[in-house]
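S.K.: Below: one structure in structure tokens.
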Amino acid sequence: MQRRLTILLLALMLAGLQYRLWGPDGVIQAQQMRGQLADRLAENAHLHSRNAALEAEVADLKAGGPAIEANARYMLGMIKPGETFYLVADQAN
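For reference, each letter of the sequence shown is one residue, going 68 to 160 in this note's numbering.
In structure tokens:
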């Protein structure tokens, strides 16, 4: 009788440990959180590089000169006096 009680007690302890391992705060959730962390780190790296590019563009624009002119030509279609504007369009087939 005592042997059965000991086996039952050990089985219950094992079940409790298994629940803690595989339960709501266990291995599966930890793996999911690692995946989310990797996604966030990749997104942060991408945003960091984009921010660095924007900061460089802002610094160029603050410095003036060629960066402002290039922006005006591209975004506003600026043409200097004496320049001739040519528009080259692809012909649709």
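All C-beta atoms, glycine included, are put in the ideal place defined by N, C-alpha and C. Since we're looking at a predicted model, the values are computed, not measured.
1. Could you spell out the range, first to last residue, of the alpha helix (DSSP H) harbouring Y86?
2. Pick helix, strand or coil for E124, following the three-state DSSP scheme.
3. Under a three-way DSSP split, which group does K129 fall into?
4. Note down the Cα distance separating I95 from A82, rounded to an integer number of angstroms.
5. Measuring straight from C-alpha to C-alpha, what distance separates R101 and T73?
M.R.: For this structure:
1. 69–89
2. helix
3. helix
4. 17 angstroms
5. 39 angstroms
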